[in-house]
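Participant: Per our numbering, residue 101 is the first one in the sequence shown, and the count goes up by one each step.
Yeah, the Cβ is synthetic: ideal placement off N, Cα and C, and Gly gets one too.
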Amino acid sequence: SNKKMIKRVIAIGTDVIKGENKNIYLNGQMIHEPYVQHTRDETVTELDNFGPVTVPEDALFVMGDNRDESFDSRFFGVVSLDKVEGKAICVQWSKKSNRNGSRIH
101 SNKKMIKRVI
111 AIGTDVIKGE
121 NKNIYLNGQM
131 IHEPYVQHTR
141 DETVTELDNF
151 GPVTVPEDAL
161 FVMGDNRDES
171 FDSRFFGVVS
181 LDKVEGKAIC
191 VQWSKKSNRN
201 GSRIH
């Protein structure tokens, strides 16, 4: 598919990623994600529990910040590095208005 998306890189080649009850574990350690938004209080198995997935050397595991509404690697798998076209540098629009225009590290 030629559809372009902007997603956050969560894991890179050889990393092991797992989702459990809305938390993300990278190489066995829960990661802190203050930018994540959830629109559902309940756990949705397909969204909130997955893996573990070992990311191939030449690939990325990507996720959207709006986790309950994002179509990302949880559904379509890892993204090959040769499909990456660039890097986002700031938030253009967010439901959390204090994020609008903020730089992405």
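Going by DSSP, what residues sit across from Thr154 in a beta bridge?
Facilitator: The partner list for Thr154 (beta bridge, DSSP) reads Val116.
Participant: For Arg140, does the three-state DSSP call read helix, strand or coil?
Facilitator: Arg140 falls in the coil class under three-state DSSP.
Participant: Is Ser173 helix, strand or coil when you go by DSSP?
Facilitator: Helix, per DSSP.
Participant: Checking the sheet assignment: what are the DSSP bridge partners for Met163?
Facilitator: In DSSP, Met163 forms a bridge with Arg108.
Participant: Apply the 10 Å Cβ neighbour rule to Gly119 and answer buried if 16 or more other Cβ atoms are within range, or exposed otherwise.
Facilitator: Buried, by the Cβ-count rule.
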